[in-house]
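Below: one structure, written as structure tokens.
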Amino acid sequence: VILDVGGQRNERKKWIHCFANVTAVIFVVAISEYDQNLFEDLDMNRMVESLRLFAEIANSPHFTETSMILLMNKKDLFMEKIKRVPLTVCFPSYKGRPAHYEDGMQFLEDQFLMQNRNRDHQIYVHPTCGLERENVEMVFNSVKDIIVTQHLRDLGHLQ
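With my numbering as the guide, the letters of the sequence shown map in order to residues 59 to 217.
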């Protein structure tokens, strides 16, 4: 079962009842939105808010035994945008090469992974583009493998 708990702040209070016995959390972040603000809070950057929410979820006691999967979505749009809009608009500390896709992707991945305070809690990261069929299939298969492995661990069939 996949539940979309919504991205808007006013939907988040409805999430808690969905957390019992989940096998995996799939967190989707639109990486191309690093220069945009929230619809409901025009002073809050979307990427900063995504990082804050990811930290909240990754470090929640509800998910200590739950597989965490981070989908860095809209990589195609990010690849084009970073050529025009520097990451420093959101991250003044970014020291990678300007307009460089791989440096920017690695920096964003590192920003999310640094939110995880539990080093034993692995975060699986996948750059994604919903328009690329092969990418969607590969990510779906990887997510499926992660979930099956977690389920087998939960049943005591794997260490």
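Virtual Cβ for every residue (Gly too), placed ideally from N, Cα, C.
- Beta-bridge partners assigned by DSSP to PHE85: LEU128.
- Contact annotation: the stretch 176-196 touches the stretch 120-128, with at least three C-beta pairs closer than 8 angstroms.
- Each residue's CA atom was taken as its position, placing GLU160 and LYS141 some 12 angstroms apart.
- Here HIS120 carries a helix assignment [DSSP, helix/strand/coil].
- Note: VAL183 is bridge-paired with LEU128 in the DSSP secondary-structure output.
- Contact check for SER108 against VAL87 passes: the beta carbons are separated by less than 7 angstroms.
- The beta-carbon distance between GLN208 and ALA116, rounded to whole angstroms, is 15 angstroms. This is too long to meet the 8 angstroms contact definition.
- DSSP, reduced to helix, strand and coil, places ASN199 within a helical segment of the structure shown.
- Under the DSSP assignment, PHE165 falls in the alpha helix (DSSP H) whose first and last residues are 159-171.
- In terms of Cα proximity to GLU167, the closest of ASN199, ASP99, PRO119 and PHE112 is PHE112.
- Membership of GLU138 in the alpha helix (DSSP H) is indicated by the continuous run 133-139.
- Taking C-alpha positions only, VAL197 is separated from ILE204 by approximately 10 angstroms.
- Within the same chain, and ignoring the five residues on either side of ARG211 in sequence, the residues whose Cβ sits closer than 8 angstroms to its Cβ are GLN217.
- Each residue's CA atom was taken as its position, placing PHE97 and ASN131 some 19 angstroms apart.
- Of all alpha-carbon atoms in ARG175, PRO144 and ASN176, the one lying nearest the alpha-carbon of MET163 is that of PRO144.
- The closest CA to that of PHE170, considering only ARG110, TYR152, ARG104 and SER90, is found on ARG110.
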